Each structure stands twice: as C-alpha cells, then as structure tokens.
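Colleague: Under the working numbering, think of the first position of the sequence shown as 436, with each following residue one higher.
Glycine is no exception: its CB is placed at the ideal position from the N, C-alpha and C atoms.
In this text the structure is predicted, and so the values were computed from the model without any measurement.
Dumping the structure here so I can ask a few things about it.
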Amino acid sequence: ATLLLFFNYSTVINWRYFLTGLPALVPLVASYLMRAQARLMGNERRAFWGVAACIIFIAVMCGIYLKPISNEHVLKRAETKNYRARLAPLPPDAVVIAGGQTVAVTYWRGIGAGEWLTIGTGGGWPGDNLIPLIETYLQAGRRVFLDKDPRWWAPCGWQQEETRAIVTLEQHFRFRRVMDNIYEIRPLTDEAAPDAPNLKSLLPEHRPDEMKKCAVLEKAS
C-alpha cells in the first residue's frame with residue numbers, strides 16, 4: 436500500500452496517507468533494529484531493552500516537539516462543527532469560498548442543512564479559472580461569498596498559491612460585507628457593494644508570526 440502511494444499526487448502534500456502501510460512497516464523495522472542492536476551488544480536481551488529505550492526516547496521527543504502543532508491542528512478542525520453558525524446568514528444555495536473550511540461546507544450540505552456549492556481548496560481548486568468561474572456563477576444569478584478568515588488561508592505550504600489567488604479578487608470584483616470576515620462578491624458594476632476586504636492582509640509578508648510556525652512545520656515534515 437505504501438509503495439503504491441508513491442504514484443498518488445496527494446502524498447506530495449499530505450504524508451499521512453503513508454500510514455496505511457504502517458502495520459507492515461512496524462514489525463519489519465522492529466526486526467531490523469533488534470538484529471542491529473543484537474550484533475552491536477552481543478546479547479538479545481540487552482538489544483531488546485536498547486530498542487525499547489530508543490523508541491521511548493523518540494516518542495517523548497516527538498511528543499514535546501509536535502504537541503503545540505498538533506493542538507493547533509485539532510482546534511482548527513474543531514471549527515468544522517461550529518461553522519454552521521457562519522453559514523446561517525448565507526442563502527441556502529450560495530456558492531462559498533471557504534479555504535480550509537471547505538470540508539465544513541460540504542459536510543453541512545451533506546446532512547441537509549443547505550444546498551451550498553463550494554469553490555474548493557486542494558484538488559477542487561480551479562486555478563487560473565477562478566475568476567471566470569466566479570463570473571459564471573454571478574451571471575447565472577448565484578450569489579458568491581468569500582470567508583477571508585486568515586485561519587482558513589495558509590500563508591505557506593501547498594495552499595499559499597491559493598491564498599495569493601484570493602488576494603487578486605479585489606482587482607476584479609466589488610465586495611459587500613455580510614459578517615466579520617465573510618464578504619459577498621459582486622461585479623465591478625455593483626455600486627451597492629462598497630466594502631474593502633483588505634485581502635492583502637492574507638499574504639505571507641503580512642503574517643510574520645504565522646510564517647515562523649510554517650518554518651517549524653517544514654522542519655517537522
């Protein structure tokens with residue numbers, strides 16, 4: 436399973452998929468470590484305790500190093516449960532651009548809370564077709580909303596390109612503020628949409644503290 440995942444593009448951005456091969460890797464690695472330690476120490480009993488100590492040390496160090504990152508990730512995922520409240524003011528058939536909370540929109544749609552469509556992140560991102568796609572929705576009478584909450588738009592990693600694309604929307608559309616970080620996207624001809632979302636604040640150069648965390652994540656990966 437792990438070998439086959441080398442041919443899947445998703446592993447380039449998300450290494451957790453390799454965990455599918457973990458059940459097979461654990462005994463293989465354990466066997467290798469035991470043989471190596473037995474040759475080094477000349478005794479299988481001492482080799483066993485040496486391997487156990489090595490595993491415990493690695494587990495403790497990884498726990499100390501990764502716990503803050505893990506906690507932040509868990510909190511961000513917990514927002515999926517609360518995202519229904521942010522969708523409530525929107526029309527039930529709206530098109531939503533929610534970055535990292537695209538999965539939340541899809542979830543609430545799936546259980547029948549609304550009929551929202553998404554311009555998704557990751558595999559669902561339209562790339563260079565972002566602006567034409569939004570224009571198509573607007574011409575069809577669909578209302579399009581952007582959640583510019585910086586928590587949903589990473590300044591680094593694979594999502595950085597999407598974040599930069601979002602920033603360019605201010606050059607092509609007008610905006611009407613619905614609530615805190617949620618804006619309705621309108622055509623340039625709509626004088627009733629006078630708000631400025633300041634999307635440039637999402638750029639990496641304006642988020643130095645988060646960029647420091649990005650450096651830690653890159654080292655961890």
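Distance, Cα to Cα, W588 vs T515?
Modeller: W588 and T515: Cα-Cα distance of roughly 15 Å.
Colleague: Check for me: the alpha helix (DSSP H) holding R609 runs from which residue to which?
Modeller: Element bounds for R609: not the alpha helix (DSSP H) but the beta strand (DSSP E), R609 to M614.
Colleague: Between the C-alpha atoms of Y730 and F492, what's the straight-line distance to the nearest angstrom?
Modeller: Residue 730 falls outside the range modelled here, since the chain spans only 436 to 656, and no answer is possible.
Colleague: Do L634 and I601 have their C-beta atoms closer together than 8 Å?
Modeller: It is a contact, given that the beta carbons lie within the stated cut-off.
Colleague: Nearest-angstrom Cα distance between G559 and A539?
Modeller: The straight-line gap from Cα to Cα measures roughly 14 Å.
Colleague: Grouping DSSP H, G and I as helix and E and B as strand, with all else coil, what is E550?
Modeller: Coil, per DSSP.
Colleague: Check D582 in the structure and name its three-state DSSP category.
Modeller: In the structure shown, D582 sits in a strand (DSSP, three-state: E or B).
Colleague: How is the alpha helix (DSSP H) around Y618 delimited, first residue to last?
Modeller: No alpha helix (DSSP H) contains Y618, which is instead part of the beta strand (DSSP E) from I617 to R621.
Colleague: Taking the runs of the alpha helix (DSSP H) that are 4 residues or longer, which of them lie wholly in the stretch 459-531?
Modeller: As far as the stretch 459-531 is concerned, its whole alpha helix (DSSP H) runs of at least 4 residues are 479-517 and 519-522.
Colleague: For V579, count neighbouring Cβ atoms within 10 angstroms of its own Cβ and tell me buried if that reaches 16, exposed if not.
Modeller: V579 should be labelled buried.
Colleague: Would you say C591 reaches chain B, if we count a Cβ-Cβ gap shorter than 8 Å as a contact?
Modeller: In summary, chain B is missing from the structure at hand, where a single protein chain is found.
Colleague: Counting only the same chain and skipping the five closest in sequence on each side, list residues whose C-beta sits under 6 Å from that of I448.
Modeller: Low local confidence applies: a pLDDT of 48 at I448 is under 50, so the model's placement there is unreliable, and no value is given.
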